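Here's the structure we're looking at; comments come further down.
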Amino acid sequence: MVYMHVLPGLFDDYLQPGRYCHAQNGLYLPYVQAAEADAVIVDCLNPSGANIVTCKDQRIQLFLDEVGGLAFDTAPSGGIKLNDPYIPVFDYRTIELARMTGADVVGLTLRDILVNPLKIGAGHYAINKIQFRDVSVIRRLCSKKKVILFLTGLDVLIETIWHQRVPCELFQQLNMMGFWAITGFNFSVFGGECPVAQSLNQKKSLVSSMLLEENDIFTIPHIYAVNDFHIRKYQQWLKNNPQIQLVTMNCQMQRQEEDIEHVANTVQAMLMVNSKLHIILQGYRFSEIHRLIGFQDRIHIADAKAVKYAQNFQNANPEILTLPGQYKSDDYPNLVHSNIVYRTQKLHHLLNYMCQ
Amino acid sequence: MGSKIKPSRNKKDSVIIRDPILPNSGGIRSRQDHISEICILSFQAKVKELPFIVKNTPVNIKKVGPYHQILVLGSVIGKLSKKQSEMVETCAFLGVTYAGIIINEQNGLYARFTRIVR
């Protein structure tokens, strides 16, 4: 028996004539507009169920039931308020340094609370196993700082943890770790893909926030819109739920001009709805902060740059030339500290400049 | 993975979305769930270094006895392990095939196979 293998086009499921999205028939109204199907350029036929569940997945109803349908009818009670514009994001290796930093609020991400969760084999990421870090180590940090856990990361990690949330007792573990707040899961939403899948992932994220709250954890809803339909949906959700005064958006993948512009437009559209609403932009570039003029007092940026630079023995301040071998391992804690101070002051300066 | 306005996913970050774990699901599992458990996303096997074998050359596999041979233009250049062969055979019943190409690793040439679900 010979299995035929043709690699070109292996991942290129781009639309061919005659294929369409079920949303086009208005099957998912009022939550997914028929016109959203016009933007589909990747075939909704996804027989392996890779990364998303589309309108053509036979299991779609199972997933809709899991999140209570596509309506944005769920919202946490709010209550979280944030002052610090800059939130340095640490990792598990630097968790002790996080305790000593001058920042009041610090961040960690999902992989930092797990023991070696990922491996890479034959060119793809895979999950090693789900094993939580020692709760006491995380608790020690959380007793000293306000720690936000960002549930962001690779799909393979996020989706596996979500799927296994009950058997691995995710929410109980998170509760014991003592975080100040935890964001909703950042399930992937890509333009050009099935709008039902996009909507499902947006709802899943809101539901994850609700589950956190049900487990007595303060939650920060994660939002992400890839088109105007999504923006209007989130705006309505914020109007219906004025108690929500803090949301977050993962901007780590937005590097091209049109992506950044879209993020800025989305942020402005959200902040216009509620004058008390603040937003944490994870990984948003300082150089693009000017796009958010008029909203500078409600913008917070979380990033790992200060720590990452220090891990590479580099100064985050580009005006300070770092010579090879200039820093020794003993300098590392001071470098983390000075990089955080630099990033904090830089953002402060940029935001103040926008006020003038 | 995050989000973008264009469908530019990281090809290294692929996961089959598995059925929700429900208290009363009755043990009936979908094809995708079976595939996710049995058919790994990708694997690789060492191949001979021959003049006509270069990076990105497509390869075929053919079952001969208990193993699958790796072929390029009809020439046998390697074989899958017993475990890999068993998996490929089981996955074929689930409608899953593996597409292979030659890749160049530090310690020589490999055939890397990637899952295709029909």
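Top to bottom, those sequences are chains A and B.
In this text, residue positions in the first sequence follow the working numbering: the first is 1, and each later residue adds one.
In this text, residue positions in the second sequence follow the working numbering: the first is 1001, and each later residue adds one.
Even for Gly, the Cβ is constructed at its ideal location relative to N, Cα and C.
Predicted, not measured: the structure shown is a model, and the values here were computed from it.
Looking only at its chain, what residues have a beta carbon closer than 8 Å to the beta carbon of residue i, apart from the 5 residues adjacent to it on each side?
i: B/ASN1070; result: What sits at residue 1070 of chain B in the sequence shown is Ile, not Asn. The answer, listed in chain order, is ALA1045, VAL1047, VAL1059, ASN1060, ILE1061, VAL1076, ILE1077, GLY1078, LYS1079, LEU1080, GLY1100 and ALA1111.
i: A/GLY26; result: ALA34
i: A/ARG133; result: TYR92, ASP112, ILE113, LEU114 and VAL115
i: A/GLN252; result: THR152, GLN282 and GLY283
i: B/LYS1012; result: none
i: A/GLN58; result: none
i: A/ASN250; result: PHE150, THR152, ASN186, HIS222, TYR224, GLN282 and GLY283
i: B/SER1049; result: Sequence check: residue 1049 of chain B is Glu here, not Ser. Here the set comprises GLY1108 and LEU1109.
Looking only at its chain, what residues have a beta carbon closer than 6 Å to the beta carbon of residue i, apart from the 5 residues adjacent to it on each side?
i: A/ILE289; result: LEU350
i: B/VAL1015; result: none
i: A/LYS204; result: VAL67 and PHE187
i: A/ASN46; result: THR54
i: A/PHE368; result: No statement about residue 368 of chain A is possible, as the shown extent of chain A runs from 1 to 356 and does not include it.
i: A/ALA306; result: PRO88, ALA316, ASN339, ILE340 and ARG343
i: A/GLY191; result: VAL226
i: B/THR1097; result: ILE1116
How long is the line joining the alpha carbons of residue i and residue j, rounded to whole angstroms?
i: A/GLU159; j: A/LEU347; result: 33 Å
i: A/GLY198; j: A/VAL189; result: Correcting the residue identity first, residue 198 of chain A is Gln in this sequence and not Gly. If I take the Cα positions, the gap works out to 5 Å.
i: A/LEU108; j: B/THR1057; result: 42 Å
i: A/VAL267; j: A/VAL147; result: 23 Å
i: B/LYS1006; j: A/PHE229; result: 15 Å
i: B/GLY1108; j: A/GLY121; result: 16 Å
i: A/THR248; j: A/LEU281; result: 6 Å
i: A/ALA71; j: A/GLU257; result: 31 Å
i: A/ASN241; j: A/ILE301; result: 23 Å
i: B/ILE1103; j: B/LYS1063; result: 22 Å
i: B/ARG1009; j: A/PHE185; result: 18 Å
i: A/LEU97; j: A/LEU62; result: 44 Å
i: A/ASP84; j: A/VAL207; result: 27 Å
i: B/VAL1117; j: A/MET100; result: 50 Å
i: A/ILE80; j: A/VAL105; result: 12 Å
i: A/GLN359; j: A/ASN274; result: There is no way to answer for residue 359 of chain A, as the model of chain A reaches only from 1 to 356.
i: B/ILE1017; j: A/GLU319; result: 46 Å
i: B/LYS1082; j: B/PRO1066; result: 7 Å
i: B/ARG1029; j: B/LEU1094; result: 13 Å
i: A/MET354; j: A/ILE340; result: 21 Å
i: A/ILE293; j: A/HIS262; result: 15 Å
i: B/LYS1004; j: A/ALA264; result: 13 Å
i: A/ASP254; j: A/ILE260; result: Looking at the sequence shown, residue 254 of chain A is not Asp but Gln. C-alpha separation (whole angstroms): 6 Å.
i: B/MET1087; j: B/ILE1038; result: 7 Å
i: A/ALA103; j: A/VAL336; result: 12 Å
i: A/SER48; j: B/ILE1035; result: 8 Å
i: A/LEU170; j: A/GLN164; result: 8 Å
i: A/VAL135; j: A/LEU212; result: 17 Å
i: A/CYS21; j: A/ASP43; result: 8 Å
i: A/TYR86; j: A/ASP303; result: 8 Å
What does residue i pair with, by DSSP beta-bridge criteria?
i: B/ARG1112; result: B/GLN1044 and B/ILE1101
i: B/ASN1060; result: B/LEU1071
i: B/VAL1117; result: B/VAL1096
i: A/PRO30; result: Answer is none; A/PRO30 lacks a bridge partner.
i: A/ASP303; result: A/PRO88
i: A/ILE130; result: DSSP output for A/ILE130 lists no bridge partner at all.
i: B/VAL1076; result: B/LEU1071
i: B/ILE1016; result: A/ALA50
i: B/SER1003; result: A/VAL189
Near residue i, what residues of its chain come up, given a Cβ to Cβ distance below 7 Å and the 5 sequence neighbours on each side ignored?
i: A/ASN317; result: TYR342
i: A/TYR31; result: LEU70, ALA71 and SER199
i: A/ALA210; result: Sequence check: residue 210 of chain A is Met here, not Ala. Taken in chain order, the residues that qualify are THR74 and PRO76.
i: A/HIS278; result: LEU82, GLN245, LEU246, ARG298 and HIS300
i: A/ILE231; result: ALA225, THR266 and ALA269
i: A/TYR234; result: ILE223, ALA225 and MET270
i: A/GLY78; result: GLN243, ILE244 and GLN245
i: A/GLN296; result: LEU351, MET354 and CYS355
i: A/VAL137; result: ILE95
Flag residue i as yes when its Cβ comes closer than 7 Å to any non-hydrogen atom of the ligand GTP, and as no otherwise.
i: B/PHE1113; result: Looking for the ligand GTP in the displayed structure turns up nothing, as the structure carries no ligands at all.
request  = Please specify which runs of the alpha helix (DSSP H), each continuous and at least 4 residues long, are wholly inside the segment 208 to 265 of chain A, giving them in chain order.
outcome  = Listed in chain order, the complete alpha helix (DSSP H) runs (minimum 4 residues) inside the segment 208 to 265 of chain A are 228 to 240.
task = Specify whether the segment 219 to 231 of chain A and the segment 323 to 333 of chain A touch according to this definition: at least 3 beta carbon pairs, one from each stretch, less than 8 Å apart.
result = At 8 Å Cβ cutoff, the stretches do not touch.
task = Could you say if the segment 138 to 145 of chain A and the segment 171 to 181 of chain A meet the contact criterion of at least three C-beta pairs nearer than 8 Å?
result = Using a C-beta cut-off of 8 Å, the segment 138 to 145 of chain A makes contact with the segment 171 to 181 of chain A, since at least three inter-stretch Cβ pairs fall below that distance.
query = Quick one: any contact between the segment 213 to 220 of chain A and the segment 51 to 60 of chain A, if contact means 3 or more CB pairs under 8 Å?
reply = The way I'd put it, the segment 213 to 220 of chain A doesn't touch the segment 51 to 60 of chain A; fewer than three beta-carbon pairs between them come closer than 8 Å.
ask   = Which runs of the beta strand (DSSP E) fall wholly inside the segment 138 to 202 of chain A and span at least 3 residues, in chain order?
value = Counting only runs that start and end inside the segment 138 to 202 of chain A, the beta strand (DSSP E) elements of at least 3 residues fall at 146 to 150 and 181 to 183.
query = Unbroken alpha helix (DSSP H) runs of length 4 or more, entirely within the segment 270 to 351 of chain A: which are they?
reply = The qualifying runs are 305 to 311.
ask   = Can you list the alpha helix (DSSP H) stretches of 4 or more residues lying completely in the segment 90 to 125 of chain A, in chain order?
value = Taking 4 residues as the minimum length, the alpha helix (DSSP H) runs contained wholly in the segment 90 to 125 of chain A are 95 to 100, in order along the chain.
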